[in-house]
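Residue numbers (our numbering), protein chains in the order written: chain A, 27 to 342; chain B, 119 to 310.
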Amino acid sequence: MFEIATRRRPYVLLAISLVIQILLLAVQVRRPDGARLIRVWAVELLTPAERAGSWALDAMRGGWTGYIGLFRANRENQKLREQLGELTLRNSALESQAAEAKRLAALLEFRDAHPDASMLAARVIGGAGTGGRAIYIDRGERDGIQPNMGVITPLGAVGKVLEVYSNTSQVLLLTDKNGGAGALLANSRTQGAARGSGGPQLQLDYVSNDQDVAVGERVLTSGMDKIFPKDLPLGVVTEVKPGNPFKQIQVRPAAGIDQLEEVLILTGRKQWEWETKAAEAAASAATASTATAKKPNAAPATKPPAAAEGEAKAKP
Amino acid sequence: MNPVEIAENASAPPIPVRGISEPRLEVHKFRSGAVVGASFLALVLQAFVPTHVWKGDLVGDLIELPLLVTLYFGLSRRNPSRGLLLGMVIGMAQDGLSGTNPIGLFGIAKTLVGYLASTIGARLDVEHPVSRMVLAFAFFHLHNLVCVFTRRWLLAQAAPLMTVRLLVASLVAALLAWPLFALLDKLRQDED
Chain A
27 MFEIATRRRP YVLLAISLVI QILLLAVQVR RPDGARLIRV WAVELLTPAE
77 RAGSWALDAM RGGWTGYIGL FRANRENQKL REQLGELTLR NSALESQAAE
127 AKRLAALLEF RDAHPDASML AARVIGGAGT GGRAIYIDRG ERDGIQPNMG
177 VITPLGAVGK VLEVYSNTSQ VLLLTDKNGG AGALLANSRT QGAARGSGGP
227 QLQLDYVSND QDVAVGERVL TSGMDKIFPK DLPLGVVTEV KPGNPFKQIQ
277 VRPAAGIDQL EEVLILTGRK QWEWETKAAE AAASAATAST ATAKKPNAAP
327 ATKPPAAAEG EAKAKP
Chain B
119 MNPVEIAENA SAPPIPVRGI SEPRLEVHKF RSGAVVGASF LALVLQAFVP
169 THVWKGDLVG DLIELPLLVT LYFGLSRRNP SRGLLLGMVI GMAQDGLSGT
219 NPIGLFGIAK TLVGYLASTI GARLDVEHPV SRMVLAFAFF HLHNLVCVFT
269 RRWLLAQAAP LMTVRLLVAS LVAALLAWPL FALLDKLRQD ED
């Protein structure tokens, strides 16, 4: 090492001499802005290194911060996703509760609007199976439910209680093949019988071809079946065809039978019977007086089977 | 490693190379005080003549006696270390006397001149007057080149690379080298 330094002595000496003089120059000379050259050189020499170091440090810090931030963001994202799932479920539950509350409010409002009627709210707890037109409700014998009690919603008639168990009941819907109700057209007050066909619609029978029935005309309960009160919405006429001997009329149920969740059970059946009898008496009186005035020998109008059946059932 | 360095660092007696005499003895080729005296005289004359003798005359600026002295002793002594140190001292002294140059400007240039002259002196025949004149001409421009680049790069000053006056000055230096070097040869110490 020492030998190498000795051999290279002229070069080393030359380098030292030049560096010393260059530094001497730098110390003496000032730039026009007053800064000494050595300071300018030092700054220019060190600044890139400092800048590079600063950049590297910033990059490392940024990378680390980004990594940590990403890690935290990932965890936070996962947490938020869990919260979102919980909130979505909760929101669905609240929406369901709100809808239920709305429906119950409608039921309550309907019941309040009919203070004389005795009704019991019930929840639909199941269907009768595939293709069935019956539902099960959470009210039964213990709640005073009896067979043939009417089941309605604020929108209209639904069906009647078919079987009663201790805590549940089976309700036969109007749309079942064995279901039906006494009906009358809202405009002409023509009476008929609405019966189920197993499909989504009802068929209105016993309306003569002479009657003018328009599509869209409302169909109400006639009260003759002793199950539903009079003038309860039953449906809307969707199709009218001439038939033999009666028109073929299709009625869309007003109660939204396929979307039932809560229903009202008409427990005051006797009251309906009384109202129906009074209404029938009034109607008979009016009809008799009219017929006597126009055709004294005219035969009384044929009663619909449902009404007849209602009357038969009403008899002890 | 060049022969001079071998001769300098070897413990055995120096080996003559290319007809050059023993480098170790070249330190003593000149009479004692000759190098210092000649250098001092060159500096004084360089400072004194342009100011007092050829006052206001351009002739004074054309002469570069310290450069020629540095060149001569570098070529004659053939010791790079001593050549560059002598050049550095003369150059820095010249800077100090100038009053306007920052110290180190001529110092750097003459350091390089001293070093290169010593290196070349160990390889070439520098005793012939023509070769001395050519070397004086070349080293003048080398000296100027170093000064120009030092001014431009280190000091951020404007400096012309080549002018007619510089050319004339280099020719003057070459012409002056002939008698001056012959005169300085008189200061050599007899080897025997």
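Where a beta carbon is used, it is the ideal one built from N, C-alpha and C, also for glycine. The structure presented is a predicted model; accordingly, all values stated were derived computationally and were not measured.
- Looking only at Asp284(A), Thr293(A) and Leu40(A), the smallest Cα-Cα distance to Leu199(A) is reached by Asp284(A).
- For the segment 35 to 53 of chain A, the set of positions with a beta-carbon nearer than 7 Å to some beta-carbon of chain B reads Arg35, Pro36, Leu39, Leu40, Ser43, Leu44, Gln47, Ile48, Leu50 and Leu51 in chain order.
- Looking only at Glu102(A), Pro279(A) and Gly242(A), the smallest Cα-Cα distance to Leu258(A) is reached by Pro279(A).
- Contacts between Thr229(B) and chain A, judged by CB atoms closer than 8 Å, involve Leu40, Ser43, Leu44 and Gln47 in chain order.
- For Val55(A), the residues of chain B that pass the 7 Å Cβ criterion are Pro220 and Leu273, in the order they occur in the chain.
- Using beta-carbon distances, Pro297(B) does not count as an interface residue toward chain A, since no partner is under 8 Å.
- A Cβ-Cβ contact shorter than 8 Å links Thr293(A) with Leu146(A).
- Interface with chain A (8 Å Cβ-Cβ cutoff): Pro198(B) is included.
- Nearest CB-CB separation between Leu223(B) and chain A: below the 8 Å threshold.
- Between Val150(A) and Gln172(A), the gap from beta carbon to beta carbon reaches 8 Å or more.
- Glu102(A) and Ala75(A) have their C-alpha atoms spaced approximately 39 Å apart.
- Apart from the 5 residues on each side of it in sequence, Ile208(B) sits with its Cβ closer than 6 Å to the Cβ of Ser157, Pro184, Thr188 and Lys228 in its chain, given in chain order.
- DSSP places Phe148(B) within a strand segment (E or B) once states are collapsed to three.
- Only residues of its own chain outside the window of five on either side were considered, and among them Leu211, Thr216, Gly218, Val239, Phe272, Lys273 and Ile275 have a CB closer than 8 Å to the CB of Val233(A), listed in chain order.
- The contact set of Ile226(B) on chain A, defined by CB atoms closer than 9 Å, consists of Ser43, Leu44, Gln47, Ile48 and Leu51 in chain order.
- Proximity to Ala281(A) across Asn213(A), Leu50(A) and Arg129(A) peaks at Arg129(A), based on C-alpha coordinates.
- A distance below 7 Å between beta-carbons, with the five flanking residues on each side excluded, links Gly225(B) to the following residues of its chain, in chain order: Met206, Gly209, Met210 and Asp213.
- Secondary-structure assignment with DSSP links Tyr162(A) through a beta bridge to Gly152(A) and Gln196(A).
- Taking a Cβ-Cβ cut-off of 9 Å, Leu161(B) has no neighbours in chain A, whose nearest Cβ is about 17 Å from it.
- The C-beta distance from Val277(A) to Val263(A) rounds to 6 Å, short enough to fall under 8 Å.
- Contact holds between the segment 202 to 211 of chain A and the segment 176 to 191 of chain A, because three or more Cβ pairs, one in each stretch, are under 8 Å apart.
- Ranked by Cα distance from Ala287(B), the first of Ile181(B), Gly217(B) and Gln164(B) is Ile181(B).
- For Tyr233(B), the nearest beta carbon of chain A is closer than 8 Å to its own beta carbon.
- Within the segment 80 to 159 of chain A, the complete beta strand (DSSP E) segments at least 3 residues long are 145 to 153, listed from N- to C-terminus.
- Selection Gly206(A), Leu83(A) and Asn235(A) evaluated against Gly224(A) yields Gly206(A) as nearest (Cα-Cα).
- Collapsing the DSSP output to three states places Ala276(B) in coil.
- Per DSSP, Gln172(A) lies in no alpha helix (DSSP H) segment and is marked neither H nor E.
- Chain A places a beta carbon closer than 8 Å to that of Leu202(B), counting this residue as a contact.
- A residue is called buried when at least 16 other Cβ atoms come within 10 angstroms of its Cβ; His261(B) meets this threshold and is buried.
- Contact between Arg165(A) and Ala148(A) holds, since their C-beta atoms are separated by about 4 Å, short of 8 Å.
- At a beta-carbon threshold of 8 Å, the residues of chain A lying near Met206(B) are Ser43 and Gln47, ordered along the chain.
- Per the DSSP secondary-structure output, Gly208(A) pairs in a beta bridge with Ala219(A).
- The beta-carbon separation of Leu305(B) and Arg149(B), rounded to 6 Å, stays under the 8 Å limit for a contact.
- Classified as buried, Gly232(B) has 16 or more neighbouring CB atoms from the shown chains inside 10 Å of its CB.
- For Lys228(B), the uninterrupted alpha helix (DSSP H) segment begins and ends at Leu223 to Gly239.
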